Amino acid sequence: MHLTGLFDLSLVGRANREALQYDDGASVRTLTFAALDARAGRMAGELASRGLSRGDRLAVHLPNRIEFIDLYLACARLGVIFVPMNILYKERELRHIVGDAEPKAVVAAVQNGATYPESTVVWDVDELGRAAATREHARMIAPLDGDAPAMIVYTSGTTGVAKGAVLSHNNLAANAITLTTVWKISENDRYLAMLPLFHVHGLGNGLHSWLISGCRMRLLDRFDQRTTPRVMLDFKPTLIFGVPTVYVRLLDTAVMSDDDARTIGDAARLFVSGSAPLPAHVHEAFHRRFGHTILERYGMSEALMIMSNPYEGERQAGSVGPPLPGVSARIVGDEGVVLGDDQVGEVQICSPHLFSGYWGRPDATADAFDDGWFKTGDLGVRASDGYYALRGRRGDLIISGGFNIYPREIEELLLENPLLREAVVVGVSDPVRGEVPVAYIVADDALSTSAIEQSCRSQLASFKVPRAFIRVESLPRTALGKIQKHLLPPWQKPVNS
Ligand code: MCA
0 MHLTGLFDLS LVGRANREAL QYDDGASVRT LTFAALDARA GRMAGELASR
50 GLSRGDRLAV HLPNRIEFID LYLACARLGV IFVPMNILYK ERELRHIVGD
100 AEPKAVVAAV QNGATYPEST VVWDVDELGR AAATREHARM IAPLDGDAPA
150 MIVYTSGTTG VAKGAVLSHN NLAANAITLT TVWKISENDR YLAMLPLFHV
200 HGLGNGLHSW LISGCRMRLL DRFDQRTTPR VMLDFKPTLI FGVPTVYVRL
250 LDTAVMSDDD ARTIGDAARL FVSGSAPLPA HVHEAFHRRF GHTILERYGM
300 SEALMIMSNP YEGERQAGSV GPPLPGVSAR IVGDEGVVLG DDQVGEVQIC
350 SPHLFSGYWG RPDATADAFD DGWFKTGDLG VRASDGYYAL RGRRGDLIIS
400 GGFNIYPREI EELLLENPLL REAVVVGVSD PVRGEVPVAY IVADDALSTS
450 AIEQSCRSQL ASFKVPRAFI RVESLPRTAL GKIQKHLLPP WQKPVNS
């Protein structure tokens with residue numbers, strides 16, 4: 000179905016209810032669903048007048064703000080394919096996405112100071128918002144099939160090049176209908192949106208569950224340990240979606256007192272964690288301090304949500320639960336053999352939320368599937384009770400603060416420097432972010448570490464910049480030349496860094 004039909008359950012059906020609170024820089028403003036509907040209609044009119052129509056792409060490079068939502072709703076109405084880009088991305092990363100998705104324009108906050116490829120049409124979000132505000136509210140809804148693409152989400156691969164996962168209206172609808180059902184999200188909820196809207200977690204799960212259920216949402220520009228606890232005390236959310244780093248931060252007694260934690264816990268109904276593994280000790284400590292058992296679930300950009308611990312029933316620490324309704328899963332061994340319980344293999348799935356393929360990459364798409372099953376690249380095991388546990392990745396992937404980092408991308412950048420002969424990037428465990436990247440390099444003495452770091456900083460999103468560059472004489476390799484990461488000298492995080 001057309002996503003707009005689902006959104007209208009609230010935009011039209013709950014027109015006079017309070018939909019959203021957000022900070023416009025001067026004060027906290029409240030909008031009803033009718034007001035949101037009108038904003039979306041005006042924005043759709045503005046985008047159409049600028050030549051956007053069904054099948055065109057619009058890239059959006061914005062932090063969380065109201066216009067992000069206007070643009071998303073407007074694109075869905077027009078059948079324009081929405082391409083969110085991580086706000087932390089630098090020119091190198093943006094150039095690749097813009098070159099690949101070929102959007103008609105990029106919407107950005109000019110004061111972000113980001114640089115886009117020369118030929119890119121950039122629309123300043125403030126100017127666009129002002130232009131939209133002068134338009135009549137018209138409900139322009141392009142007819143389209145539910146299999147039409149709604150979004151292209153860029154996700155890096157082991158090749159180091161980000162590929163665009165194409166998600167359809169049907170994919171996003173099925174995912175959100177499932178989540179609102181299994182997590183019992185209703186219009187009585189109060190949802191705190193603090194995760195970035197440019198990723199599937201904040202957008203595909205958060206924004207969609209809000210719009211379908213018609214609950215009340217408080218939009219924050221981001222999670223900030225200094226300010227978010229205050230908002231939690233004021234807004235009293237019942238529903239919180241977080242990544243493990245958020246929960247680790249909330250457990251810090253310097254961030255929040257035990258009393259405040261209890262107050263927040265008493266008002267809340269459900270805390271969900273995803274995007275990275277939640278350590279069992281965080282699970283337990285959170286239960287002690289907030290009186291809630293975090294519900295851990297598993298998903299990825301290509302497949303949206305895959306598995307979830309139950310709302311009713313046992314939420315097991317270290318497990319991601321059974322597959323969600325409609326999702327079929329199997330564990331496959333090295334020889335392509337389907338394995339039984341308690342055996343570790345690759346998680347493969349079929350699902351109504353599964354993407355149709357990578358934008359313009361039939362070969363990568365074909366590689367990602369095995370006889371219709373999507374190869375997640377994650378290793379997992381199913382217990383006899385039907386719960387799954389993840390056991391790492393097949394390929395290399397570092398997850399830092401819930402953001403995915405593919406070592407290959409950083410290695411390729413490092414090796415562009417002729418004074419640097421070899422480089423390997425590994426994930427080192429970190430108590431707050433889960434993992435952080437560290438680089439081992441073989442380089443000429445003439446090349447200073449600070450110059451290498453500076454070059455990474457200017458070209459990569461900050462979370463991808465290695466925390467340390469360790470010089471080694473040579474990289475330990477097998478006879479076949481494969482790098483033996485376990486033989487690299489260990490790195491100790493300096494105190495206070
Ligand atoms: C982080 N930074 C940001 C933001 N988030 N800057 C601007 N806007 C943001 N939204 C930067 C900071 O500037 C800083 O950069 C660095 O990241 C760490 O920030 P810090 O203040 O120390 O924050 P923190 O307390 O460590 O918390 C970080 C965070 C952030 C807020 C938890 O990591 C985050 O929002 N993660 C969520 C990622 C997410 O939504 N992933 C979903 C992917 P510097 O280092 O330069 O100072 S979707 C997915 O994985 C699948 C589908 C799934 O299953 O969900």
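Heads up, the sequence shown is in numbering that gives the first Met the number 0, so the first residue is 0 and it goes up one at a time. Just so you know, even glycine gets a beta-carbon here, dropped at the ideal spot from N, CA and C. Fair warning: this is a prediction, and the values are worked out from it, not measured in the lab.
Q: Taking SER449 as the reference, give the member of ARG225, PRO321, ILE469 with the closest Cα.
A: Numbered from its first residue, the sequence shown carries residue 449 at position 450. When ARG225, PRO321, ILE469 are compared, the shortest CA-CA separation from SER449 is found for ILE469.
Q: Please report how far the alpha carbon of ALA231 lies from the alpha carbon of GLU117, in whole angstroms.
A: As a first step, residue 231 is located in the sequence shown; it is residue number 232 there, counting from the start. As a first step, residue 117 is located in the sequence shown; it is residue number 118 there, counting from the start. In the sequence on display, residue 231 carries Met and not Ala. Using only the alpha carbons, I get a separation of about 42 angstroms.
(Q) Restricting to runs no shorter than 3 residues, where is the beta strand (DSSP E) found entirely within the stretch 151 to 183? (A) Counting only runs of 3+ residues, the beta strand (DSSP E) found wholly inside the stretch 151 to 183 occupies 162 to 167, in chain order.
Q. Under the rule that 16 or more other beta-carbon atoms within 10 Å means buried, what is LEU143, buried or exposed?
A. Position 144 of the sequence shown, counted from the start, is the residue given in the question as residue 143. Around the Cβ of LEU143, a 10 Å sphere holds 16 or more other Cβ atoms; the residue is buried.
Q: Using only the heavy atoms of the ligand MCA, determine whether one of them is closer than 7 angstroms to the beta carbon of GLN224.
A: To locate residue 224, count along the sequence shown from 1; it is residue 225. Yes, the ligand MCA has a heavy atom inside 7 angstroms of this Cβ.
Q) ALA43 by DSSP, collapsed to three states: which one? A) Here residue 43 refers to the residue found at position 44 of the sequence shown. In the structure shown, ALA43 sits in a helix (DSSP, three-state: H, G or I).
(Q) So for TYR71, helix, strand or coil by DSSP? (A) In the sequence shown, residue 71 corresponds to position 72, counting from 1. In the three-state scheme derived from DSSP, where H, G and I count as helix and E and B as strand, TYR71 is classed as helix.
Q: Might you give, ordered along the chain, the residues of its own chain that have their beta carbon closer than 7 angstroms to the beta carbon of GLU101, omitting 5 neighbours on each side?
A: Numbered from its first residue, the sequence shown carries residue 101 at position 102. Cβ within range, chain order: ARG56.
Q. In its own chain, which residues sit with a C-beta less than 6 angstroms from the C-beta of ASP443, not counting the 5 before and 5 after it?
A. Translated into the one-based positions of the sequence shown, residue 443 becomes position 444. Contacts found: LEU418.
Q) Looking only at DSSP bridge pairs, what is VAL425 linked to? A) Along the sequence shown, one-based indexing puts residue 425 at 426. DSSP lists VAL437 as partners of VAL425.
Q.
Using only the alpha-carbon positions, how far apart do GLU553 and LEU51 sit?
A. Lying before the first or after the last residue shown, residue 553 is absent from the chain, which here runs from 0 to 496.
Q: Classify GLN483 as buried or exposed, calling it buried when 16 or more other Cβ atoms lie within 10 Å of its own Cβ.
A: Taking the sequence shown and counting its residues from 1, the one referred to as residue 483 is at position 484. Note on GLN483: under 16 other CB atoms within 10 angstroms of its CB, so exposed under the neighbour-count rule.
Q) Three-state secondary structure (DSSP) at MET505? A) No statement about residue 505 is possible, as the shown extent of the chain runs from 0 to 496 and does not include it.
(Q) With a threshold of 8 angstroms, are at least 3 pairs of Cβ atoms found where one atom belongs to the stretch 231 to 242 and the other to the stretch 96 to 112? (A) No, they do not touch.
Q: Label LEU414 either buried or exposed according to how many other C-beta atoms from any shown protein chain fall within 10 Å of its C-beta, with 16 as the threshold for buried.
A: Numbered from 1 along the sequence shown, position 415 holds the residue referred to as residue 414. The residue in question, LEU414, is exposed, as its Cβ has fewer than 16 Cβ neighbours within 10 Å.
Q. In terms of residues, what are the limits of the beta strand (DSSP E) holding PHE240?
A. Along the sequence shown, one-based indexing puts residue 240 at 241. It spans 238 to 241 - the beta strand (DSSP E) in which PHE240 sits, taken as one unbroken run.
Q. Whose C-alpha, out of LEU249, SER327, GLU45, is nearest the C-alpha of PHE289?
A. Your numbering for residue 289 matches position 290 in the sequence shown. Answer by Cα proximity: LEU249.
Q: Quick one: grab the DSSP three-state call for LYS528.
A: Only positions 0 to 496 of the chain appear in this structure, which leaves residue 528 out of reach.
Q. Around the Cβ of MET139, are there at least 16 other Cβ atoms within 10 angstroms (buried) or fewer (exposed)?
A. Working through the sequence shown from its first residue, we reach residue 139 at position 140. By the neighbour-count criterion, in which a residue is buried when 16 or more other Cβ atoms sit within 10 angstroms of its Cβ, MET139 is exposed.
Q: Leaving out five residues on either side along the sequence, give the residues of the same chain with a beta carbon under 6 angstroms from the beta carbon of SER327.
A: Walking along the sequence shown from the start, residue 327 turns up at place 328. Only residues of its own chain outside the window of five on either side were considered, and among them CYS349 have a CB closer than 6 angstroms to the CB of SER327, listed in chain order.
Q) Roughly how many angstroms lie between the CA atoms of GLY356 and ALA173, to the nearest whole one? A) As a position in the sequence shown, residue 356 is number 357, starting the count at 1. As a position in the sequence shown, residue 173 is number 174, starting the count at 1. Cα to Cα, the separation comes out at about 17 angstroms.
Q. Are at least three pairs of beta-carbons, each pair with one atom in the stretch 454 to 466 and one in the stretch 255 to 271, less than 8 angstroms apart?
A. No: fewer than three Cβ pairs fall under 8 angstroms.
(Q) Less than 7 angstroms separating the Cβ of ARG432 from some heavy atom of the ligand MCA? (A) One-based indexing of the sequence shown puts residue 432 at position 433. Flag set: Cβ of ARG432 near the ligand MCA.
Q) Are there three or more Cβ pairs, one per stretch, closer than 8 angstroms when the stretch 208 to 218 is compared with the stretch 18 to 26? A) The answer is yes - the stretch 18 to 26 touches the stretch 208 to 218, with three or more Cβ pairs under 8 angstroms.
Q: Return the chain-ordered list of same chain residues with a C-beta closer than 6 angstroms to the C-beta of GLY213, the five sequence neighbours on each side being excluded.
A: Here residue 213 is taken as the residue at index 214 of the sequence shown, counted from 1. Cβ within range, chain order: SER9, ARG13, GLU186.
(Q) Given this structure, state the Cα-to-Cα distance separating PRO148 from LEU61, to the nearest angstrom. (A) Translated into the one-based positions of the sequence shown, residue 148 becomes position 149. Translated into the one-based positions of the sequence shown, residue 61 becomes position 62. Just so you know, the alpha carbons of PRO148 and LEU61 end up roughly 21 angstroms apart.
Q. GLY78 and GLY40: beta carbons closer than 8 angstroms?
A. Counted from its first residue, the sequence shown places residue 78 at position 79. Counted from its first residue, the sequence shown places residue 40 at position 41. No, the Cβ-Cβ distance between GLY78 and GLY40 is not below 8 angstroms.
**Q.** Rounded straight-line distance, which links the Cα of VAL11 to that of GLY339
**A.** As a position in the sequence shown, residue 339 is number 340, starting the count at 1. As a position in the sequence shown, residue 11 is number 12, starting the count at 1. Between GLY339 and VAL11, the C-alpha separation is close to 48 angstroms.
Q: Could you name the residues that DSSP lists as bridge partners for TYR21?
A: Mapped onto the sequence shown, residue 21 falls at position 22. The bridge partners DSSP lists for TYR21 are ARG28, LEU218.
Q.
With three or more beta-carbon pairs closer than 8 angstroms as the criterion, would you say the stretch 306 to 323 touches the stretch 377 to 387?
A. Inter-segment contact for the stretch 306 to 323 and the stretch 377 to 387 is present: three or more beta-carbon pairs are separated by less than 8 angstroms.
Q. How long is the line joining the alpha carbons of LYS463 and VAL437, rounded to whole angstroms?
A. The residue you call residue 463 lines up with position 464 of the sequence shown. The residue you call residue 437 lines up with position 438 of the sequence shown. About 9 angstroms.
Q: Determine the closest residue to SER208 out of TRP490, LEU191, ARG360, ARG221, with distance taken between C-alpha atoms.
A: Here residue 208 refers to the residue found at position 209 of the sequence shown. For SER208, the nearest C-alpha among the options comes from LEU191.
Q: Please confirm whether any heavy atom of the ligand MCA lies closer than 7 angstroms to the CB of MET150.
A: The sequence position of residue 150 within the sequence shown is 151, counting from 1. Not so, every heavy atom of the ligand MCA lies at least 7 angstroms from the Cβ.
**Q.** Candidates ASP69, ALA164, ALA137: closest to ALA363 by CA position
**A.** The count along the sequence shown starts at 1 and reaches residue 363 at position 364. The shortest Cα separation from ALA363 among ASP69, ALA164, ALA137 belongs to ALA164.
Q. Buried or exposed: which applies to GLY433, given that a residue is buried once 16 or more other Cβ atoms fall within 10 Å of its Cβ?
A. Looking up residue 433 in the sequence shown gives position 434. Looking at its Cβ environment, which holds 16 or more other Cβ atoms inside 10 Å, GLY433 is buried.
Q | PRO361 versus GLY344: straight-line alpha-carbon distance, rounded | A | On the sequence shown, residue 361 is found 362 positions in, with the first residue counted as 1. On the sequence shown, residue 344 is found 345 positions in, with the first residue counted as 1. Cα to Cα, the separation comes out at about 26 angstroms.
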